[in-house]
Structures are given as C-alpha cells and as structure tokens.
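Numbering follows the UniProt record's numbering, in which position 299 of the sequence shown is assigned residue number 299; successive positions increment by one, without gaps.
Heads up, the beta-carbon is just placed ideally off N, CA and C, and yes, glycines get one too.
Predicted model only: the values in this text are computed from it and were never measured.
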Amino acid sequence: RARRRHRRRTTMSLEWLAEWSCSLDGLRDLIASGIQSIRDCDATALAAVACLLLLFVWYCYHVGREQPRAYGAAVNALMQGAEANGLQNGYAYCQAPECVRCAHGDGLNQKLYHNLQEYAKRYSWSGMGRIHKGIREQGRYLSSRPSIQKPEVFFLPDLPTVPYFSRDAQKHDVELLERNFQTILCEFETLYKAFSNCSLPQGWKMNSTPSGEWFTFYLVNQGMCVPRNCRKCPRTYRLLGSLRTCIGNNVFGNACISMLSPGTVIAEHYGPTNIRIRCHLGLKTPSNCELVVGGEPQCWAEGRCLLFDDSFLHTAFHEGPPEEGPRVVFMVDLWHPNVAAAERQALDFIFAPGR
Numbered sequence: 001r002a003r004r005r006h007r008r009r010t011t012m013s014l015e016w017l018a019e020w021s022c023s024l025d026g027l028r029d030l031i032a033s034g035i036q037s038i039r040d041c042d043a044t045a046l047a048a049v050a051c052l053l054l055l056f057v058w059y060c061y062h063v064g065r066e067q068p069r070a071y072g073a074a075v076n077a078l079m080q081g082a083e084a085n086g087l088q089n090g091y092a093y094c095q096a097p098e099c100v101r102c103a104h105g106d107g108l109n110q111k112l113y114h115n116l117q118e119y120a121k122r123y124s125w126s127g128m129g130r131i132h133k134g135i136r137e138q139g140r141y142l143s144s145r146p147s148i149q150k151p152e153v154f155f156l157p158d159l160p161t162v163p164y165f166s167r168d169a170q171k172h173d174v175e176l177l178e179r180n181f182q183t184i185l186c187e188f189e190t191l192y193k194a195f196s197n198c199s200l201p202q203g204w205k206m207n208s209t210p211s212g213e214w215f216t217f218y219l220v221n222q223g224m225c226v227p228r229n230c231r232k233c234p235r236t237y238r239l240l241g242s243l244r245t246c247i248g249n250n251v252f253g254n255a256c257i258s259m260l261s262p263g264t265v266i267a268e269h270y271g272p273t274n275i276r277i278r279c280h281l282g283l284k285t286p287s288n289c290e291l292v293v294g295g296e297p298q299c300w301a302e303g304r305c306l307l308f309d310d311s312f313l314h315t316a317f318h319e320g321p322p323e324e325g326p327r328v329v330f331m332v333d334l335w336h337p338n339v340a341a342a343e344r345q346a347l348d349f350i351f352a353p354g355r
C-alpha cells in the first residue's frame, strides 16, 4: 500500500509539473506575440500615440497650475452698495480676509482656487471640471448673468436654473420633513412663548427689513452648529441628521426657524450660490403671505415644503392682519439635485467654515 501511495504522489507531481510547463510555455508565447505585435506596428502610429500621451500629461499639469481669472469691476460693483452700509441681506459681514463667505473680489477668487488645488492634491481632479471652470470664470459668469439670477459668492455653471423646484427634486427629505411637521411645530411653540417676556429672547436674531420684523432662530448658521439653540430644539436637530441632502458642512448650509411679523416686507435680494435648494416647511401660514422668486409668487402651506433657488432675485412679505400672528417656516438648505456626489465633497472642502 505504501508503494502504491508513493507511486500515486509521484504521478501527480509529474502531471502538475507538466501542466506548469505548459502554462509557462503559453505565457512565453503570449509575451513573444505581444513583442512581435509592437515590432510590426507602424512607426507613425507609435509616434502619434506618444504625442497624445505627452499632450495629456501637459494638459494635466496646465490645469493644476493655471491661475483663475480675476473677478473684475463687475463683481466689485455688485457688492459696493451693500458693503458701504456693512450689511448684506440683513446680515453684517465680518470682512475678515480668511472668511470665504464674507470676502469678495480677487482675494476670494484666489482663495477658492487654492482650496480646489489643495483638495485635488489630497484626493483627485476627477469630476472637478465644472468646479474648476466655475472658479476660473467666476467674474465672467457673475457679470454676464441676467439680473433675475445673480448669486453673490459662487456660481456653478451648467446647472438647471428654475426659480422653484418640484417636491420630487429631493423627495426623501421633503417627505421626512413633512412627516415631522408636528414635532418641529411643538418645539417652535415652546420657543415662541419666550416672546411674551421680552422683545428678543435669547437665541433669536432680528434681521434688517424695510418694514416690520423678521426673526431667525438658527440651529445651523453658515455651516456651524449653534449648540445652545440645538439644545432647545433637540428633536428638530436630530432630524437634520436624517436628511440625505442637507448641507451641513460648508458655509452655504443653514437650518433655522424664520418668523415674519404682520406688516413685514423683506427687501429683494440674491442668495450666495446656486449649488443649493432652499426648503421652507410651513409651520404657521396666515393669509396674505407670499414668497416671490424670479417674479413668480407662491404661498406657503402648513405642513408642506416649498423648494426654491434663492440665487434668483426673491422677496417675502406678510400683509395679513395682526390677529393672525406671524408667518413661521422651518428653513433648511439642501443640495441642488444636479450637483454630483464628488462635487459635493469638493465643495464641502472648499467652502468649509473657517477655511
């Protein structure tokens, strides 16, 4: 028996060596045929391929080193009037050179490009073509935009431009917000009781308006969480974490309760960018309240979401009677549905708070 086993093992070893030899012969033949194919290839074709490879390498280097064009006088003129008063859309701009959201002009353009280069070095240039084009051509885009849509800070080219979006644009988040309407409303009503004791309770902010009063209670302000306010609305804050398209990591992301008193008119203005959709969930919607975006009026409805692009010229007003109380919405910024996932990641890096 031992001899039989030894013979079997010897036979198996010989078969394995024969198969391995055949495999090596096949690999050798494959390599030889590949080398012969290259030799038989036309020298002109090889030269053309080599030239194309060199052009591709040069283009990648050029894209990485190219500096963006300056904004020019058009953008500076756009900001000049508001900066003279130190206010923009009711907010005081900090004017700090390191703040992407508040800085304007050539310094901002160079800073954005530097941030894009830093992102590409860490990750990849793949999928960055539209962002690169937007930063490089920002001055031309902003100066040549029709007056109906002029984002103040950053315009991403080749996005669909409509004043209002259907609910299906971000269906999951819209339905989630509407299902939690009562939760958000209850936390607002608890906050609102503080107005009976003082004109501006802690955590609320009064914004500049031509007439009336416009108050906001931020949970997320320009990408930064407001911990004290979030503790007062814990269920609403947790809800933000369940939204798939909420902008929470860059300066264009906000989440707040917005309240207009009767007789309030918000001056016409433009938002900072077209990469987002602003979502309003109606909490309290008295009569004679309207939102006008790009010249198209819409009314809020309690428990329903209204989606719009705030880079369009827009205004809001409450002309209802005082006894009906304020108009109240929960506002949250969502990604524009046509901004790709790779672009969202890059924009979060470029426009990160404090970068």
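Per DSSP, Lys-284 is one residue of the beta strand (DSSP E) stretching across 276-284.
Every unbroken stretch of the beta strand (DSSP E) spanning 3 or more residues and falling wholly within the UniProt domain "Aspartyl/asparaginy/proline hydroxylase" (178-337) is given here in chain order: 204-207, 214-221, 255-260, 264-269, 276-284, 289-293, 296-298, 305-308, 314-318 and 327-335. In this structure, Leu-307 sits near Ile-277, with a CB-CB distance shorter than 8 Å. Put simply, of Val-162, Ala-316 and Ala-341 the residue whose alpha carbon is nearest the alpha carbon of Ser-211 is Ala-316. Residue environment: Lys-150 is assigned as buried (16 or more neighbouring CB atoms within 10 Å of its CB, all protein chains considered). Each of His-314, Tyr-141, Asn-180 and Pro-160 was checked against the Cα of Leu-243, and the nearest Cα belongs to Asn-180.
Secondary structure note for Asp-348: its alpha helix (DSSP H) is the uninterrupted segment 341-350. The C-beta distance from Pro-353 to Gly-325 rounds to 34 Å, too long to meet the 8 Å contact threshold.
Spatial neighbours of Glu-187 in its own chain (CB-CB distance under 7 Å, excluding positions within 5 residues in sequence) are listed in chain order as Cys-233, Arg-235 and Thr-236. In the structure shown, the three-state DSSP call for Phe-155 is coil. The Cβ atoms of Gly-263 and Gly-223 do not sit closer than 8 Å to each other. Between Asp-158 and His-280, the alpha-carbon positions lie close to 25 Å from each other.
DSSP places Gly-134 inside the alpha helix (DSSP H), whose first and last residues are 129-136. Taking all protein chains in view, the Cβ of Asp-168 is surrounded by fewer than 16 other Cβ atoms within 10 Å, so the residue is classified as exposed. DSSP places Tyr-164 in the strand class (E or B) of the three-state scheme.
At the C-beta level, Thr-209 and Ile-257 stay beyond 8 Å of one another. For the set Thr-190, Glu-118, Lys-205 and Thr-245, the Cα lying nearest the Cα of Glu-175 is the one of Thr-245.
Distances from the alpha-carbon of Lys-284 to those of Met-128, Leu-219, Ser-261 and Pro-146 put Ser-261 closest. Taking all protein chains shown into account, Ala-255 has 16 or more neighbouring C-beta atoms within 10 Å of its C-beta and is therefore buried. For Gln-170, no pairing in a beta bridge is given by DSSP. Residue pairing of Gln-149 in beta bridges, as defined by DSSP: Phe-312. The residue among Ile-275, Asp-310, Gly-320 and Ile-135 with its C-alpha nearest the C-alpha of Glu-290 is Gly-320.
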